[in-house]
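Undergrad:
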Amino acid sequence: MDDNDPVPQALDEFGQQQAGAAAPLRPHVIHEVVREEGEVELRRAALSLALSGFAAGLSMGFSFLTLSLLRAGLPDAPWHRLVDSFGYSLGFVIVILGRQQLFTESTLTAVLPVLTSRTLRTILLMLRLWGIVLASNLLGTFVFAALVTPEGVFPSEVRAALLEVGRESLSGGFGPVLLKSVFAGWLIALMVWLLPNARQARLWVIILLTYVVSVGRFSHIIAGSTEAIFAVFTGGASVHDYVLRFLVPTLLGNTIGGVSLVALLNHAPIAQELREVGER
(Lines of atoms letter the chains of each structure in order from A and count residues from 1; the text may use other names and numbers.)
(Lines give C-alpha, C1' and ligand atoms only; values in the text may rest on other atoms or scores of the structure.)
Protein backbone atom coordinates (compact mmCIF):
# COMPACT_ATOMS: atom_id res chain seq x y z
CA MET A 1 0.00 0.00 0.00
CA ASP A 2 1.33 3.45 -0.92
CA ASP A 3 1.76 5.94 1.93
CA ASN A 4 -0.65 8.31 0.19
CA ASP A 5 -3.42 5.74 -0.11
CA PRO A 6 -6.38 6.36 2.20
CA VAL A 7 -6.61 4.08 5.22
CA PRO A 8 -9.51 1.67 4.73
CA GLN A 9 -12.37 2.10 7.20
CA ALA A 10 -13.87 -1.01 8.76
CA LEU A 11 -16.84 0.94 10.18
CA ASP A 12 -19.55 2.94 8.51
CA GLU A 13 -20.30 6.49 9.66
CA PHE A 14 -22.71 5.35 12.36
CA GLY A 15 -20.19 2.81 13.63
CA GLN A 16 -17.48 5.46 13.76
CA GLN A 17 -19.79 7.68 15.82
CA GLN A 18 -20.41 4.83 18.25
CA ALA A 19 -16.68 4.12 18.51
CA GLY A 20 -16.00 7.79 19.17
CA ALA A 21 -18.64 7.87 21.90
CA ALA A 22 -17.11 4.80 23.54
CA ALA A 23 -13.53 6.11 23.44
CA PRO A 24 -12.14 7.63 26.65
CA LEU A 25 -12.01 11.41 26.79
CA ARG A 26 -8.66 13.02 26.06
CA PRO A 27 -7.01 15.01 28.89
CA HIS A 28 -7.74 18.40 27.34
CA VAL A 29 -11.42 17.44 26.92
CA ILE A 30 -11.64 16.44 30.59
CA HIS A 31 -9.96 19.74 31.46
CA GLU A 32 -12.58 21.68 29.53
CA VAL A 33 -15.48 19.69 31.02
CA VAL A 34 -14.24 20.45 34.55
CA ARG A 35 -13.35 24.06 33.70
CA GLU A 36 -16.77 24.78 32.21
CA GLU A 37 -18.39 23.31 35.31
CA GLY A 38 -16.22 25.65 37.35
CA GLU A 39 -17.25 28.64 35.23
CA VAL A 40 -20.91 27.85 35.93
CA GLU A 41 -20.23 27.53 39.67
CA LEU A 42 -18.35 30.84 39.78
CA ARG A 43 -21.38 32.66 38.37
CA ARG A 44 -24.06 31.04 40.52
CA ALA A 45 -26.04 33.35 42.77
CA ALA A 46 -24.81 33.55 46.35
CA LEU A 47 -28.09 32.24 47.78
CA SER A 48 -28.06 29.29 45.40
CA LEU A 49 -24.49 28.43 46.41
CA ALA A 50 -25.32 28.77 50.10
CA LEU A 51 -28.41 26.56 49.95
CA SER A 52 -26.63 23.89 47.92
CA GLY A 53 -23.63 24.07 50.25
CA PHE A 54 -25.84 23.75 53.32
CA ALA A 55 -27.53 20.69 51.81
CA ALA A 56 -24.10 19.20 51.11
CA GLY A 57 -23.01 19.78 54.71
CA LEU A 58 -26.10 17.98 55.97
CA SER A 59 -25.60 15.13 53.50
CA MET A 60 -21.96 14.68 54.50
CA GLY A 61 -23.17 13.95 58.01
CA PHE A 62 -24.33 10.57 56.75
CA SER A 63 -20.68 9.60 56.24
CA PHE A 64 -20.16 9.99 59.99
CA LEU A 65 -23.44 8.33 60.91
CA THR A 66 -23.20 5.35 58.55
CA LEU A 67 -19.59 4.64 59.49
CA SER A 68 -20.63 4.66 63.15
CA LEU A 69 -23.65 2.43 62.52
CA LEU A 70 -21.45 -0.15 60.82
CA ARG A 71 -18.81 0.07 63.55
CA ALA A 72 -21.44 -0.50 66.23
CA GLY A 73 -22.38 -3.80 64.58
CA LEU A 74 -18.82 -5.07 64.17
CA PRO A 75 -16.58 -6.80 66.71
CA ASP A 76 -13.72 -4.80 68.19
CA ALA A 77 -11.13 -6.26 65.84
CA PRO A 78 -8.15 -4.75 63.95
CA TRP A 79 -9.98 -5.18 60.64
CA HIS A 80 -13.17 -3.31 61.55
CA ARG A 81 -11.91 -0.14 59.84
CA LEU A 82 -11.68 -2.02 56.54
CA VAL A 83 -15.42 -2.72 56.73
CA ASP A 84 -16.97 0.31 58.43
CA SER A 85 -15.10 2.66 56.06
CA PHE A 86 -17.57 1.73 53.34
CA GLY A 87 -20.14 3.72 55.32
CA TYR A 88 -17.96 6.81 55.00
CA SER A 89 -18.60 6.86 51.26
CA LEU A 90 -22.37 7.41 51.60
CA GLY A 91 -22.23 11.15 52.20
CA PHE A 92 -20.01 11.66 49.16
CA VAL A 93 -22.31 9.55 46.99
CA ILE A 94 -25.32 11.67 48.02
CA VAL A 95 -23.49 14.96 47.50
CA ILE A 96 -21.82 14.18 44.17
CA LEU A 97 -24.66 12.32 42.47
CA GLY A 98 -27.11 14.86 43.90
CA ARG A 99 -25.02 17.73 42.46
CA GLN A 100 -24.69 19.50 45.79
CA GLN A 101 -21.91 22.03 46.36
CA LEU A 102 -18.92 20.62 48.27
CA PHE A 103 -15.88 22.72 49.18
CA THR A 104 -13.24 20.12 48.35
CA GLU A 105 -14.65 19.64 44.85
CA SER A 106 -14.37 23.39 44.34
CA THR A 107 -10.62 23.31 44.97
CA LEU A 108 -10.36 21.82 41.48
CA THR A 109 -13.37 23.10 39.54
CA ALA A 110 -13.02 26.74 40.63
CA VAL A 111 -9.24 26.85 40.19
CA LEU A 112 -9.14 25.75 36.55
CA PRO A 113 -10.93 28.92 35.29
CA VAL A 114 -8.38 30.96 37.28
CA LEU A 115 -5.43 29.09 35.78
CA THR A 116 -6.92 29.48 32.30
CA SER A 117 -7.91 33.17 32.34
CA ARG A 118 -5.62 34.52 35.09
CA THR A 119 -7.66 37.64 35.77
CA LEU A 120 -8.31 39.40 39.07
CA ARG A 121 -12.06 39.10 38.54
CA THR A 122 -11.86 35.32 38.23
CA ILE A 123 -9.70 35.10 41.36
CA LEU A 124 -12.24 37.16 43.32
CA LEU A 125 -15.08 34.97 42.04
CA MET A 126 -13.16 31.88 43.15
CA LEU A 127 -12.60 33.30 46.64
CA ARG A 128 -16.29 34.24 46.83
CA LEU A 129 -17.29 30.70 45.86
CA TRP A 130 -14.91 29.13 48.37
CA GLY A 131 -16.07 31.38 51.20
CA ILE A 132 -19.79 30.81 50.64
CA VAL A 133 -19.51 27.07 50.09
CA LEU A 134 -17.15 26.46 53.01
CA ALA A 135 -19.30 28.45 55.44
CA SER A 136 -22.54 26.79 54.33
CA ASN A 137 -20.95 23.32 54.32
CA LEU A 138 -19.75 23.80 57.89
CA LEU A 139 -23.13 25.14 58.99
CA GLY A 140 -24.75 22.00 57.59
CA THR A 141 -22.34 19.81 59.56
CA PHE A 142 -23.14 21.71 62.77
CA VAL A 143 -26.87 21.16 62.27
CA PHE A 144 -26.43 17.45 61.51
CA ALA A 145 -24.21 16.97 64.56
CA ALA A 146 -26.80 18.75 66.72
CA LEU A 147 -29.49 16.37 65.45
CA VAL A 148 -27.56 13.24 66.48
CA THR A 149 -26.23 14.63 69.78
CA PRO A 150 -29.21 14.12 72.16
CA GLU A 151 -29.09 10.90 74.14
CA GLY A 152 -31.75 8.37 73.24
CA VAL A 153 -31.72 9.12 69.51
CA PHE A 154 -29.67 5.97 68.87
CA PRO A 155 -29.03 2.80 70.87
CA SER A 156 -26.17 2.90 73.37
CA GLU A 157 -23.80 0.89 71.17
CA VAL A 158 -24.34 3.29 68.26
CA ARG A 159 -23.81 6.31 70.48
CA ALA A 160 -20.60 4.76 71.76
CA ALA A 161 -19.42 4.34 68.17
CA LEU A 162 -20.36 7.96 67.37
CA LEU A 163 -18.34 9.15 70.36
CA GLU A 164 -15.37 7.01 69.35
CA VAL A 165 -15.35 8.30 65.78
CA GLY A 166 -15.72 11.87 67.04
CA ARG A 167 -12.68 11.51 69.30
CA GLU A 168 -10.63 9.99 66.47
CA SER A 169 -11.17 13.09 64.32
CA LEU A 170 -9.32 15.19 66.94
CA SER A 171 -6.62 12.71 67.89
CA GLY A 172 -3.71 13.95 65.74
CA GLY A 173 -1.24 16.80 66.06
CA PHE A 174 -1.24 19.82 63.73
CA GLY A 175 1.51 18.53 61.41
CA PRO A 176 0.22 14.97 60.91
CA VAL A 177 -3.35 16.21 60.39
CA LEU A 178 -2.13 18.76 57.85
CA LEU A 179 -0.22 16.12 55.88
CA LYS A 180 -3.07 13.61 55.96
CA SER A 181 -5.44 16.35 54.82
CA VAL A 182 -3.26 16.93 51.76
CA PHE A 183 -3.89 13.33 50.71
CA ALA A 184 -7.64 13.74 51.28
CA GLY A 185 -7.79 16.91 49.17
CA TRP A 186 -5.68 15.22 46.50
CA LEU A 187 -7.94 12.16 46.29
CA ILE A 188 -11.20 14.14 46.22
CA ALA A 189 -9.93 16.47 43.50
CA LEU A 190 -8.65 13.47 41.52
CA MET A 191 -12.12 11.98 41.82
CA VAL A 192 -13.59 15.09 40.20
CA TRP A 193 -11.03 14.72 37.39
CA LEU A 194 -11.88 11.03 36.86
CA LEU A 195 -15.68 11.32 36.88
CA PRO A 196 -16.13 12.67 33.30
CA ASN A 197 -14.53 9.46 31.99
CA ALA A 198 -16.19 7.18 34.53
CA ARG A 199 -19.67 7.19 32.95
CA GLN A 200 -21.56 4.14 34.25
CA ALA A 201 -18.78 3.53 36.81
CA ARG A 202 -19.26 6.91 38.54
CA LEU A 203 -20.67 5.30 41.68
CA TRP A 204 -17.70 2.95 42.03
CA VAL A 205 -15.16 5.72 41.47
CA ILE A 206 -16.77 7.73 44.29
CA ILE A 207 -16.91 4.74 46.63
CA LEU A 208 -13.35 3.58 45.92
CA LEU A 209 -11.59 6.91 46.38
CA THR A 210 -13.57 8.02 49.43
CA TYR A 211 -13.09 4.55 50.94
CA VAL A 212 -9.33 5.11 50.71
CA VAL A 213 -9.76 8.49 52.44
CA SER A 214 -11.49 6.74 55.34
CA VAL A 215 -9.18 3.72 55.58
CA GLY A 216 -6.15 6.01 55.51
CA ARG A 217 -7.75 8.27 58.13
CA PHE A 218 -7.10 11.25 55.89
CA SER A 219 -8.87 14.26 57.35
CA HIS A 220 -11.64 15.82 55.22
CA ILE A 221 -12.81 19.31 56.16
CA ILE A 222 -16.55 18.64 55.76
CA ALA A 223 -16.96 14.94 56.56
CA GLY A 224 -14.61 15.34 59.52
CA SER A 225 -16.33 18.50 60.74
CA THR A 226 -19.46 16.56 61.65
CA GLU A 227 -17.34 14.13 63.66
CA ALA A 228 -15.30 16.83 65.39
CA ILE A 229 -18.19 19.15 66.24
CA PHE A 230 -20.13 16.16 67.61
CA ALA A 231 -17.21 15.62 70.00
CA VAL A 232 -17.53 19.28 71.04
CA PHE A 233 -21.30 19.06 71.51
CA THR A 234 -20.97 15.95 73.68
CA GLY A 235 -18.21 17.39 75.88
CA GLY A 236 -15.39 15.30 74.47
CA ALA A 237 -13.52 18.30 73.08
CA SER A 238 -13.47 22.10 73.24
CA VAL A 239 -14.06 24.70 70.55
CA HIS A 240 -10.33 25.42 70.76
CA ASP A 241 -9.65 21.76 69.90
CA TYR A 242 -12.08 21.94 66.98
CA VAL A 243 -10.46 25.03 65.50
CA LEU A 244 -6.75 24.37 66.06
CA ARG A 245 -6.56 20.58 66.01
CA PHE A 246 -9.04 20.00 63.19
CA LEU A 247 -10.37 23.00 61.26
CA VAL A 248 -7.18 24.95 60.50
CA PRO A 249 -4.82 22.08 59.58
CA THR A 250 -7.51 20.21 57.65
CA LEU A 251 -8.59 23.27 55.68
CA LEU A 252 -4.99 24.07 54.76
CA GLY A 253 -4.19 20.48 53.81
CA ASN A 254 -7.32 19.89 51.75
CA THR A 255 -6.75 23.15 49.85
CA ILE A 256 -3.09 22.35 49.18
CA GLY A 257 -4.00 18.85 48.02
CA GLY A 258 -6.76 20.04 45.72
CA VAL A 259 -5.06 23.11 44.27
CA SER A 260 -1.33 22.40 44.16
CA LEU A 261 -1.12 18.67 43.63
CA VAL A 262 -4.05 18.25 41.25
CA ALA A 263 -5.21 21.49 39.66
CA LEU A 264 -1.67 22.63 38.89
CA LEU A 265 -0.30 19.21 37.94
CA ASN A 266 -3.29 18.37 35.76
CA HIS A 267 -3.41 21.81 34.17
CA ALA A 268 0.30 22.29 33.48
CA PRO A 269 0.85 19.28 31.16
CA ILE A 270 -1.91 20.36 28.78
CA ALA A 271 -1.63 24.15 29.07
CA GLN A 272 0.37 24.41 25.83
CA GLU A 273 -2.11 22.18 24.00
CA LEU A 274 -4.99 24.38 25.17
CA ARG A 275 -3.19 27.52 23.97
CA GLU A 276 -2.61 25.95 20.56
CA VAL A 277 -6.28 25.01 20.28
CA GLY A 278 -7.29 28.54 21.27
CA GLU A 279 -5.06 30.09 18.58
CA ARG A 280 -6.62 28.08 15.75
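For the sequence shown, this note's numbering gives the first residue as 961, with consecutive numbering after it. C-beta atoms are modelled at their ideal positions from N, C-alpha and C, and glycine is treated no differently. Keep in mind the model is a prediction, meaning the values are calculated, not measured.
1) Looking only at C-alpha atoms, which of S1045, T1101, F1134, R986 sits nearest to I1166?
2) Under 8 angstroms between the Cβ atoms of G1047 and T1069?
3) Once the 5 residues before and after R1041 are set aside, which same chain residues still bring their CB inside 7 angstroms of it?
4) So what's G1017 in DSSP terms, helix, strand or just coil?
5) Using 8 angstroms as the threshold, is the C-beta distance between L1123 and G1196 below it?
6) May I have the straight-line CA-CA distance separating L1221 from L1150, to the nearest angstrom?
7) Mind checking R1205: buried by the 16 CB within 10 Å criterion, or exposed?
8) Compare the beta carbon distance of S1023 and A1183 with 8 angstroms and say whether it is the shorter of the two.
9) Counting along the chain, where does the alpha helix (DSSP H) carrying I1148 start and finish?
10) For the segment 1046-1063 and the segment 1127-1145, state whether three or more C-beta atom pairs, one from each stretch, are separated by less than 8 angstroms.
11) When the Cα atoms are used, what is the spatial distance from L1098 to L1075?
12) Does the beta-carbon distance from A1015 to G1100 come in below 8 angstroms?
13) Alpha helix (DSSP H) containing A1121: first to last residue?
14) Tell me whether the beta-carbon of L1002 lies closer than 8 angstroms to the beta-carbon of P1115.
15) Would you say A1037 lies against chain B (beta-carbon separation less than 8 angstroms)?
16) If you follow the alpha helix (DSSP H) that R986 is part of, which residue opens it and which one closes it?
17) Starting from T1170 and walking both ways along the alpha helix (DSSP H), at which residues does that stretch end?
18) Please report the straight-line C-alpha distance between V1203 and P984, rounded to a whole angstrom.
19) Select from S1096, P1209, S1185 the residue whose C-alpha is nearest the C-alpha of S1012.
20) Could you give the first and the last residue of the continuous alpha helix (DSSP H) run that contains S1185?
21) Please report the Cβ distance between G1021 and A1120, rounded to the nearest whole angstrom; I am assuming they are in contact, meaning their Cβ atoms lie under 8 angstroms.
22) Output the boundary residues of the alpha helix (DSSP H) element that contains H1180.
23) Tell me the DSSP secondary structure of R1078 in three-state form.
24) Between N1214 and H991, what straight-line distance do the alpha-carbon atoms span, to the nearest angstrom?
25) In its own chain, which residues sit with a C-beta less than 7 angstroms from the C-beta of S1028, not counting the 5 before and 5 after it?
26) Using alpha carbons as the reference points, say which of L1154, V1173, R1159, F1178 lies closest to L1138.
27) Could you round the C-beta distance between L1130 and A1191 to whole angstroms and report it? I think they count as a contact, below 8 angstroms.
28) Beta carbon of F1134, beta carbon of P1209: below 8 angstroms?
29) Using alpha carbons as the reference points, say which of S1141, R1031, R995, E997 lies closest to H1180.
TA: From the atom records:
1) S1045
2) no
3) V1175
4) helix
5) yes
6) 9 angstroms
7) buried
8) yes
9) 1134-1158
10) no
11) 27 angstroms
12) yes
13) 1116-1128
14) no
15) The displayed structure is made up of one protein chain only, and chain B is not part of it.
16) Run containing R986: none; DSSP gives neither H nor E here.
17) 1162-1175
18) 43 angstroms
19) S1096
20) 1183-1193
21) With 8 angstroms as the limit, G1021 and A1120 do not qualify as a contact, their Cβ atoms being about 18 angstroms apart.
22) Looking at the DSSP string, H1180 is not in any alpha helix (DSSP H), and its letter there is neither H nor E.
23) coil
24) 20 angstroms
25) V1118, A1121, L1122, V1125
26) F1178
27) 6 angstroms
28) yes
29) S1141
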